[in-house]
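A.B. asks:
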Amino acid sequence: MDKIIGYLVTDHTEEWEQPLRLRHADGDPPAGVLEWLGKGDAASVFPDRKTARAAINRTHHFAHALEQVDLYPTKACCKIVPLRMV
């Protein structure tokens with residue numbers, strides 16, 4: 003059996019899927035919010051599903067509080083993907 007070593011959060015649509023990263027910028031919640039990868043950025047790996055789900059929920063609430071839902075990954079399009087060591 004493969005061992006799960008962490009979890010990625012991906013933003014997916016019918017056409018594509020992209021891993022996300024946590025951003026820790028001024029004005030963000032202390033635990034950060036999810037954003038799309040830029041050139042040279044690495045995807046964030048979460049230790050468990052609970053932490054990954056918390057990042058999705060936090061980003062959702064943050065985007066709605068700022069009324070800027072188009073600038074952040076949509077909760078409905080986020081998927082938690084286990085990373086397995088083979």
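What the sequence shown shows, in the working numbering, is residues 3 to 88, in sequence order.
Note that CB positions come from ideal geometry on N, CA and C, so glycine has one too.
Just so it is clear, the structure is predicted and the values come from calculations on it, not from any experiment.
What's the C-alpha gap between residue 83 and residue 7?
C.D. replies: Going by the C-alpha atoms only, they are around 11 Å apart.
A.B. asks: For residue 62, which of helix, strand or coil comes out of DSSP?
C.D. replies: Residue 62 falls in the helix class under three-state DSSP.
A.B. asks: Is the separation between the beta-carbon of residue 22 and that of residue 45 shorter than 8 Å?
C.D. replies: It is a contact, given that the beta carbons lie within the stated cut-off.
A.B. asks: Tell me where the beta strand (DSSP E) around residue 18 begins and ends.
C.D. replies: Run containing residue 18: none; DSSP gives neither H nor E here.
A.B. asks: Less than 7 Å between C-beta atoms, sequence neighbours within five positions excluded: which residues of the same chain meet that for residue 10?
C.D. replies: Hits under 7 Å: 21, 45, 47, 83, 85.
A.B. asks: To the nearest angstrom, how far is it from the Cα of residue 33 to the Cα of residue 4?
C.D. replies: Cα-Cα distance, rounded: 29 Å.
A.B. asks: Have a look at residue 57 and residue 16 and give me their C-alpha separation to the nearest angstrom.
C.D. replies: The straight-line gap from Cα to Cα measures roughly 23 Å.
A.B. asks: What is the C-beta distance between residue 80 and residue 13, in whole angstroms, given that I count them as a contact (C-beta under 8 Å)?
C.D. replies: Between residue 13 and residue 80 the Cβ distance is about 6 Å, and since that is below 8 Å, they are a contact.
A.B. asks: With a threshold of 7 Å, establish whether the CB of residue 23 neighbours any heavy atom of the ligand FAD.
C.D. replies: In the structure on display, the ligand FAD does not appear, and there are no ligands present to speak of.
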